[in-house]
Structures are given as C-alpha cells and as structure tokens.
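Numbering (this note's numbering), first residue to last: 1 to 434.
Inspection log for the structure reproduced underneath, given as structure tokens.
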C-alpha cells in the first residue's frame, strides 16, 4: 500500500513539474495593451511575447506572434515593467543588535521568512524586485538582500545574484543622523558616528592591502574576518552602500565618507534633498526617496516635502522611489510617484523612478526595470493610467509566471484587506506560504 502511495505521489509530482515546464516553454503573447517599456516610447495596441521566463519581443500590433502561443487579450489595459523597490522591510527579517554599532558581517538573508504573508501584499502592489534591508538603528546594521517576491520555500529561490563570481546578492545598509544616536550601544554624537565609520573603513583598507600583498599565497593571507570581507566588497565596488539619511548636513556627511573611501552610494530617504540637490548631483550619488501624503514621524524629517523628485530630476540626479514598507505600504508605491508628478516631476522620470532607476541602484538593470528583449519577464498589467487614483494592479508576473491576479478572490483580499492579513505573529505558527 505504501509503495502504491509513493508511486502515485511521484507520478503526481512529475505531472506538476511537466505542467510548469510546459507553461514556461510555451510562448505567451499579451496583445492590445498600452505598453510602457520605460526604455523606449509607449506603444499603443502593443504586443509583448515572453517565453522561458524571458522577454522575447516587445512591439506594435504588427508584431509576429509565435505559432502555438498562449494569447492573452489585454486590450484597454496598461502593461509596464514590474516595480522595483529599493528599500523595504518585508519578510520578517532583522539585522545587527546593540552589542555594537557596526555590523557589516550580519546578513538579513539569514532571517527572512520566504513564506511570509508580507510578500503577498508586495506582488499585490506590482513589485517584482525588492531590496530588503535591516533596520536603521545602527551605523551599519548589515547586508541587504535583493529578491524577487515569488512563491518559494527557501530564500535562495528568491535571490537576485548581482555577481555570480562572488555570490554578492545585496548591498550594505548604513545609517546616520538621529536613528543611530538614539539606540542603545550607539554613539552619542554625529561626529563620533562619522569617526567610527571612518575607523572601520581604514581597517578594511589595511585588510585589503594585506590580501593584495599576499598575492594568493595562503601562508601570507590575513586571518579571515567576515566584517572586513564585506567592507572590502564595498571598497571594490561589488557591494553598494544604501545609506539612510535625512537632514541636509547628514546627507553631505554620507557623501563625504563615500568620496573619502571611494565606495558606491545610494542615498536613502534624503528628506532634505531639495536643499542640497546640486551637491548630490555633483557627487554622482544616486537618490532613493520616499513620498508620504501626511506629515509626522521624527523631527529630522520635518522638512521632507514632495518636491524632492522634481528638484533631484532638475539637478540631474538618478532618482527612484521606495516604500520603506511599512512606512509606505507596498501596495501604494505607484502612488508615491504620482505625488512626485503632482509636485512637478516629469511623468517620464517618475515612471523610470519606479522601475529602471531602482534597478540601476541595485545593479540589476541588465535583468529588470524595462521591457526589452532578453530581460526577465517581470511585468504588471494595470486597469488604467499608472498615476490615476482609480487604477488597480490587475496582474503581476515574475519571470513569465503569474504571481498575482486581482480577479482571484484570495489575491484580491491581499490587495484590499487591512493589516490584519499580514500580522506577523501568525505567520510561522500556521506555516502558510504564498
């Protein structure tokens, strides 16, 4: 009897796998939509063809549809790349603790729950690539992780690997300003904060020099140091620093440190970016901003106004929007860009700030952020104009697989329900997946 059960299970699993393989290998064509590729001009009555998880073709109504393709008529809809969130806290992860202010060795990857319900609201908002970060209560709270919020049993299945050779799959979260000052075990002044960061990077430079001098000789190599290994990746440009910062003087300090040690910098939040937009542009740093529709929060963010997108665009800064979920719910990231447009940002820049600009800030723009041949088939289908308050995300696709469908009652609940749906206390207890 047991053999029969096992055989039946094996046959069933083989059948499911064959269906998955078939759905991936069968071309799928989406026709009739207003397509916004981001990398090119919008296409009325466009055609998108995907196969094996990749984009095959993007074109107008005359685009050839492969024989045997599954054709989806999405006439009257808007189709655009999946959204990229450069700063999120979904997935129930954590980071460094109060034993130190500097934890470059800590990996949030080791704490994320891939079955977390929070990923359901991510795809309900049309997000297909996200940068999950440790918190900002420390000067260095740990390594971030770039993931696709697709159904998975392990975090490894969700990873977006930036560097195949080194296995880098994220950046480094740093912070300055008020947050690191008010946490237990952290420095008490802004000057001491900068000094501590500077001291650790100098140590990393010395570690890097020892490795170079060893020239591959194992007997000459320094003892392995996980903190130093991470910071050497930063110094070599393999790992991007994502720096939480608000006040204009803190923004300039973050830029100053990046210039001193030559690492790549994405400024996160930059509430007072409008005060130093030209300085940010001159530094070459990228800016990931947040938009809120009501005041509140910490005093250092009191001067945050939604002209930041406009001012950064005018200065020539590469700018993206992020959620900092749950500060902005992942389901409302598009609205952040709409607020940017309302305050003078161009429509084109705002759309790019939701997609391709964020991908650049995570070194994944060769795979996502625009609808181009060869890129991952990550896209969303909207009911109307992206910046209309009446528009909904109707479907979200990741690598050619539909991961959200608003017409599905369960998915719709995650799109429209309150926060009770996402309460973390029940997630592990019930063992519920996507």
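Every residue gets a Cβ at the ideal spot worked out from N, C-alpha and C, and that includes glycine.
Residue range of the alpha helix (DSSP H) that includes residue i
{"i": "residue 233", "result": "226-235"}
{"i": "residue 356", "result": "356-360"}
{"i": "residue 350", "result": "347-353"}
{"i": "residue 196", "result": "190-214"}
{"i": "residue 435", "result": "Only positions 1 to 434 of the chain appear in the structure, and residue 435 is not among them; the question remains open."}
Where the beta strand (DSSP E) containing residue i begins and where it ends
{"i": "residue 468", "result": "Nothing can be reported for residue 468, as the shown portion of the chain is limited to 1 through 434."}
{"i": "residue 172", "result": "172-175"}
Residues bridged to residue i [DSSP beta-bridge criterion]
{"i": "residue 319", "result": "287"}
{"i": "residue 325", "result": "88"}
{"i": "residue 28", "result": "50, 70"}
{"i": "residue 243", "result": "174, 267"}
{"i": "residue 379", "result": "81, 397"}
Nearest neighbour of residue i, chosen from the options [CA to CA]
{"i": "residue 291", "options": "332, 206, 30, 203", "result": "332"}
{"i": "residue 409", "options": "419, 399, 395", "result": "395"}
{"i": "residue 99", "options": "311, 326, 140, 263", "result": "140"}
{"i": "residue 320", "options": "349, 263, 314, 294", "result": "349"}
{"i": "residue 103", "options": "186, 284, 79", "result": "186"}
{"i": "residue 315", "options": "340, 297, 284", "result": "284"}
{"i": "residue 359", "options": "347, 89, 130", "result": "130"}
{"i": "residue 81", "options": "418, 377, 417", "result": "377"}
{"i": "residue 79", "options": "402, 383, 39, 280", "result": "383"}
{"i": "residue 128", "options": "405, 355, 406", "result": "355"}
{"i": "residue 311", "options": "279, 228, 367, 35", "result": "279"}
{"i": "residue 52", "options": "29, 36, 344, 44", "result": "29"}
{"i": "residue 136", "options": "200, 96, 113", "result": "96"}
{"i": "residue 31", "options": "60, 84, 56", "result": "60"}
{"i": "residue 197", "options": "214, 228, 212", "result": "228"}
{"i": "residue 146", "options": "88, 183, 199", "result": "88"}
{"i": "residue 39", "options": "414, 49, 416, 372", "result": "372"}
{"i": "residue 143", "options": "106, 68, 289, 46", "result": "106"}
{"i": "residue 244", "options": "287, 215, 48, 55", "result": "287"}
{"i": "residue 200", "options": "166, 218, 101, 265", "result": "101"}
{"i": "residue 167", "options": "233, 265, 375", "result": "233"}
{"i": "residue 399", "options": "374, 414, 422", "result": "374"}
{"i": "residue 309", "options": "282, 297, 347", "result": "347"}
{"i": "residue 125", "options": "420, 221, 416", "result": "416"}
{"i": "residue 294", "options": "418, 339, 380, 330", "result": "339"}
{"i": "residue 405", "options": "381, 418, 419, 421", "result": "381"}
{"i": "residue 90", "options": "267, 69, 70, 122", "result": "122"}
{"i": "residue 357", "options": "76, 230, 313, 392", "result": "313"}
Inset, instruction - Tell me the start and end of each unbroken beta strand (DSSP E) in the segment 245-285 that is at least 3 residues and wholly inside, in chain order. - result: The segment 245-285 contains these whole beta strand (DSSP E) runs: 265-269.
Inset, instruction - Quick one: which unbroken beta strand (DSSP E) runs of 3-plus residues sit fully inside the segment 30-91? Chain order, please. - result: 43-51, 54-59, 70-73, 78-81, 83-88
Inset, instruction - Spell out a yes or no on whether the segment 259-274 and the segment 299-311 are touching, meaning 3 or more CB-CB pairs, one atom from each, closer than 8 Å. - result: yes
Legend entry - Stretch-stretch touch, CB-based, cutoff 8 Å, three pairs: the segment 190-198 with the segment 144-164: Verdict: no, contact absent.
Inset, instruction - Say whether the segment 236-243 touches the segment 161-168, bearing in mind that this needs 3 or more beta-carbon pairs closer than 8 Å, one atom from each stretch. - result: yes
Legend entry - alpha helix (DSSP H) runs wholly inside the segment 84-169, at least 4 long, in chain order: Correct list: 118-124.
Legend entry - Segment contact flag, the segment 247-255 with the segment 103-122, C-beta cutoff 8 Å, min 3 pairs: Because the criterion of three Cβ pairs below 8 Å is not met, the segment 247-255 and the segment 103-122 do not touch.
Legend entry - alpha helix (DSSP H) segments (min. 4 residues) lying fully within the segment 381-432: 409-416, 427-430
Inset, instruction - Mind the definition here: the segment 170-185 touches the segment 201-208 only if three or more C-beta pairs lie below 8 Å; say whether that holds. - result: no
Inset, instruction - Spell out a yes or no on whether the segment 334-344 and the segment 386-393 are touching, meaning 3 or more CB-CB pairs, one atom from each, closer than 8 Å. - result: yes
Legend entry - At least 3 beta-carbon pairs within less than 8 Å: the segment 410-417 vs the segment 63-79: No: fewer than three Cβ pairs fall under 8 Å.
Inset, instruction - Examine the Cβ distances between the segment 359-369 and the segment 323-332 and report whether three or more of them are shorter than 8 Å. - result: In short, these stretches do not touch, since the Cβ pair count stays below three.
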